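Novice: In this text, residue positions in the sequence shown follow this note's numbering: the first is 3, and each later residue adds one. The following block contains the structure, expressed as structure tokens.
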Amino acid sequence: MIKYDENRKIWVLEARNISYALGVSETGLINNIYFGEKLPYISDYPEARNSRDWASFTSGEGRSKEEYMAWSKIKYTEPCIKATFHDNVRDVVLKYDSFDIKDNTLTVILKDVYYPLEVRLHYTVIEDCDLIERYAEIINKGTQGIRLENVLSGSIYVPRETSYRLSYLTGKWAGETQLNQVMVPETKIVLESRRGTTSHHANPWFALDKNAEATEDNGDVYFGALAWSGNWKIVIERDNFNLIKVSAGVNDFDFAWHLKPGEKFVTPKFIVGFSNKGFGQASRNLHSYQLKYVLPENHRNSLRKVLYNSWEATGFDISEEGQIKLAEIAASLGVELFVMDDGWFGARNNDKAGLGDWYVNKEKFPNGLKPLIDKVNALGMDFGLWVEPEMVNPDSDLYRKHPDWVYHFPTRERTEARNQLILNLAREDVREYIYDFMDRLLSEYNIKFIKWDMNRNFSEPGYPSAPEEGQREIWVRHVQGVYEIVDRLRKKHPDVVFQSCSGGGGRVDLGILRYFDQVWTSDNTDAFDRLKIQEGFSYAYCAKIMEAWVTDGLNWLNGRKLSLRYRFHSSMMGNLGIGVDLMKLSEEEKQEAKELISLYKEIRPIIQHGQQYRLLSPRNSKVAAFMYVSEDKAEAILFTFLHSNSFGDELPAIRLKGLDENALYAVEGYDREISGKALMNIGINVDMRGDFDSRLIRIKKTGN
Ligand code: GLA
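Given below as structure tokens:
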């Protein structure tokens, strides 16, 4: 619902519990006037006045809560737009022009006071998720080019309070999405990627809570996420007047965009929300947004299949015979999708050669992939395949033929990482090449799943044959290239489920999730480390997209040994996959795996489509607990993990969440029925002992 007060020139965007309001100031700026819990009347909202000047050094306009600040005049905080016109004027002065409301979308149009530059700010209310989606379009309405040097998606402000705590996600390869929390100092904090992709190192999500008061269930939390899979930045600024501004968008580092006459630049979406029920509700709002509005529509409502992937079992050492053996065991355990990873193409016997040569390796698969796929299908499973389309090994036929197809600077060495270089997706011919080989593979073979990998970040981002003004556009064009290719492939092959992988979770964001159905969370498959990675992941992303494999008992990364049950429990909290070396499993282990896979299939609608609750964090408690509750609260699954007990300590009772207070529930392990209220107030005792113990407990409503 969007309301407009014509006299006071303010708009109020209302979702179920929150509102976001903006208006036109006395000097024609678009200023934010409110963001928080929904207020009853439009007259409750203030007018959009500018702030006061502070001597001659800080202008009132510069201190105002501008929704889309242009770099001009006496304004020094993070601008949303900075541009140079054909006459070298490097100053944009935007003033309100008009607006338009269509359904749940408000568009506010701003124009430069002199040059033919128009900015359209779009706000869409995602009513049932209590979120606002915003983005901007920058349009050149003139006859001369305009050079954009910074174009963000927008800025938001939180109410002025004594202090705020910032929560954000950082990490590294094999250690993604770790939650960090810090009080916001009087300065600027930049969360960003300059690596060409979203990156393992920081994820485009943030949350701010007043005076560090919010908990999982209580308190005011402002949060947001950026839908972009390339260089991005989120700037959190606390000015000298204690105002916090958060600006997000494409990173302006090494960026420039030549906006030709008649063209427009469309920014990525910046999704913002407010919850007065703590971090848990903030996360669940983002989860339902992904499940209802973001994930590609054709597979949005279907449950993800249990997959097997042989990467950790075989590495590059694959063959038709070996894969068939694994497929037979996988099928007998109840696996539904068999995925062949790296090593099936070109001269790919290790990571030194073959990337770019997307034809089947004849030594490993003398009759192509058909015999293997037919066998997998006959076993009742779908077949999936690994590809890394944006990359090339210098030792490949593709590179020998097209050395100019990679990003490079002519006078510089082409720096390799994992022996590979990055194909220049700003080039039309490269995009066509990728689309063609992918289309050929998907047309020739019965492939139902693609794991699309990206195993390095950018270096020497040059495009020597492009015109001078286009050189710094590659950062954006590359991402647009990935989106465009996958979009075309999805249209032609709607049955195929796409997974985004970048050496694990290096490309997880709300942008990629519009084109990919799920993500590979991390190359770290240590089930204990995964509790922390998955917990961090859950702040921003839902469980359905989070693929989690059960791998070997002795983990290759940490050398930690964990029971099969613990490994399953950790992986069952997301989209379950199996990556264990099946040839090494004993008959007993196979039986246990079979039972757990079958249990997962029973509970997966609750895990993948239910509401997720974080009960006890593996970051600060020796007992970690997570819960998933069906939409109608009739069923719930509790996962508990004991890290390590000492001194014979009694473990804490685990207080459940998200249940129907007045209903009665049957809890596995209890011989009496207990009300939701009691389960949430007293909790339940879970008997776990020793090191790395775990339990999965089913809870079912029996009556009211
Ligand atoms: C990346 C992926 C792994 C695997 C390898 C194959 O590291 O994250 O899962 O596919 O590439 O080379």
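Think of the CB as a built atom: it goes at the ideal place given N, C-alpha and C, for glycine as much as any other residue. Predicted model only: the values in this text are computed from it and were never measured.
Should residue 457 be counted as a contact of the ligand GLA given a C-beta to heavy atom distance under 7 Å?
Specialist: Answer for residue 457: yes, Cβ within range of the ligand GLA.
Novice: Let me know the alpha helix (DSSP H) ranges lying completely inside the region 182 to 210, each 4 residues or longer, listed in chain order.
Specialist: Segments of the alpha helix (DSSP H) lying fully in the region 182 to 210: there are none.
Novice: Can you give the Cα-Cα distance for residue 28 and residue 244, rounded to whole angstroms?
Specialist: Cα to Cα, the separation comes out at about 23 Å.
Novice: By Cβ distance below 7 Å, which residues in the same chain neighbour residue 347 in space, the five residues on each side in sequence not counted?
Specialist: The answer, listed in chain order, is 356, 359, 360, 361, 362, 363.
Novice: In the DSSP output, what is residue 547 paired with across the bridge?
Specialist: In DSSP, residue 547 forms no bridge with anything.
Novice: Please confirm whether any heavy atom of the ligand GLA lies closer than 7 Å to the CB of residue 177.
Specialist: Outside the cutoff, so no.
Novice: DSSP puts residue 360 in a beta bridge; with which residues?
Specialist: According to DSSP, which records beta bridges pairwise, residue 360 is partnered with nothing at all.
Novice: Going by beta carbon distance, what residues of the same chain come within less than 7 Å of residue 227, once the five residues before and after it are set aside?
Specialist: For residue 227, where only same-chain residues beyond five positions count, the Cβ hits under 7 Å are 206, 207, 273, 288, 512, 542.
Novice: If we count the other Cβ atoms within 10 Å of its Cβ and call it buried at 16 or more, is residue 550 buried or exposed?
Specialist: The residue is buried, with at least 16 neighbouring Cβ atoms inside 10 Å.
Novice: To which residues of the same chain is residue 707 closer than 6 Å at the C-beta, ignoring the five residues directly before and after it?
Specialist: With the chain covering 3 to 706 only, the question about residue 707 has no answer from this structure.
Novice: Provide the residue(s) that pair with residue 695 in DSSP beta bridges, ordered along the chain.
Specialist: DSSP lists 644 as partners of residue 695.
Novice: Is it true that the region 571 to 578 meets the region 607 to 622, where meeting means three or more beta-carbon pairs spaced less than 8 Å apart?
Specialist: Yes: the two stretches touch, three or more of their Cβ pairs being nearer than 8 Å.
Novice: Among 200, 214, 195, which has the Cα closest to the Cα of residue 186?
Specialist: Closest by alpha carbon: 214.
Novice: DSSP on residue 449, reduced to helix/strand/coil?
Specialist: Coil.
Novice: CB of residue 343 to nearest heavy atom of the ligand GLA: below 7 Å?
Specialist: Yes, the ligand GLA has a heavy atom inside 7 Å of this Cβ.
Novice: Taking C-beta to C-beta, are residue 521 and residue 502 nearer than 8 Å?
Specialist: Cβ distance < 8 Å, so residue 521 and residue 502 count as in contact.
Novice: Just to confirm, does residue 256 get its C-beta within under 7 Å of one of the non-hydrogen atoms of the ligand GLA?
Specialist: Residue 256 Cβ: outside cutoff for every heavy atom of the ligand GLA.
Novice: Output needed for residue 229: all residues of its chain with C-beta closer than 6 Å, excluding positions within five of it in sequence on either side, in chain order.
Specialist: 270, 271, 512, 513.
Novice: Mind checking whether the beta-carbon of residue 505 lies closer than 7 Å to any heavy atom of the ligand GLA?
Specialist: Yes.
Novice: Check whether the Cβ of residue 528 sits closer than 7 Å to any heavy atom of the ligand FMN, and report yes or no.
Specialist: What this structure holds is the ligand GLA, not the ligand FMN.
Novice: Alpha carbon to alpha carbon, how far is residue 702 from residue 681?
Specialist: Approximately 12 Å between the Cα atoms of the pair.
Novice: Any heavy atom of the ligand GLA closer than 7 Å to the CB of residue 407?
Specialist: It does not: the Cβ of residue 407 is nowhere closer than 7 Å to a heavy atom of the ligand GLA.
Novice: Determine which residues share a DSSP beta bridge with residue 260 and list them.
Specialist: In DSSP, residue 260 forms a bridge with 149.
Novice: Run the proximity test for residue 454: is its beta-carbon closer than 7 Å to any non-hydrogen atom belonging to the ligand GLA?
Specialist: Incorrect: residue 454 has no Cβ contact closer than 7 Å to the ligand GLA.
Novice: From residue 569 to residue 581, what does the alpha carbon distance come to, in whole angstroms?
Specialist: Their backbone Cα atoms lie some 11 Å apart in a straight line.
Novice: On the three-state DSSP scale, how would you describe residue 1?
Specialist: Lying outside 3 to 706, the shown extent of the chain, residue 1 is not represented and no answer is given.
Novice: Consult DSSP for residue 458 and reduce its assignment to one of helix, strand or coil.
Specialist: Residue state, collapsed to three classes: coil.
Novice: Taking one C-beta from the region 32 to 41 and one from the region 56 to 69 each time, how about it: are there three or more such pairs within less than 8 Å?
Specialist: As far as the Cβ criterion goes, the region 32 to 41 touches the region 56 to 69, which means the pair count is three or higher.
Novice: Excluding sequence positions up to five away, which residues of its chain have a Cβ less than 6 Å from the Cβ of residue 183?
Specialist: Answer for residue 183: 167, 169, listed in chain order.
Novice: Could you pull out every residue in the same chain whose Cβ sits closer than 7 Å to the Cβ of residue 462, ignoring the five residues on either side in sequence?
Specialist: Cβ neighbours of residue 462 beyond the five flanking positions: 409, 410, 411, 414, 416, 417.
Novice: Relative to the ligand GLA, is the shortest distance from any of its heavy atoms to the C-beta of residue 360 smaller than 7 Å?
Specialist: For the ligand GLA, not one heavy atom lies less than 7 Å from the Cβ of residue 360.
Novice: Per the DSSP calculation, residue 172 is bridged to which residue(s)?
Specialist: According to DSSP, residue 172 bridges with 180, 204.
Novice: So residue 329 packs on residue 381, CB below 8 Å; how close in whole Å?
Specialist: That belief holds up - the Cβ atoms of residue 329 and residue 381 are roughly 6 Å apart, short of 8 Å.
Novice: Using the C-alpha atoms, what's the distance from residue 649 back to residue 457?
Specialist: So the alpha carbons of these two residues sit roughly 45 Å apart.
Novice: Whole-angstrom Cβ separation of residue 204 and residue 193, contact assumed at under 8 Å?
Specialist: Going by Cβ atoms, the distance from residue 204 to residue 193 rounds to 5 Å, so yes, they are a contact pair.
Novice: How far does the beta strand (DSSP E) with residue 531 in it reach, from first residue to last?
Specialist: Taken as a continuous stretch (DSSP letters only), residue 531 belongs to no beta strand (DSSP E), being part of the alpha helix (DSSP H) at 529 to 542.
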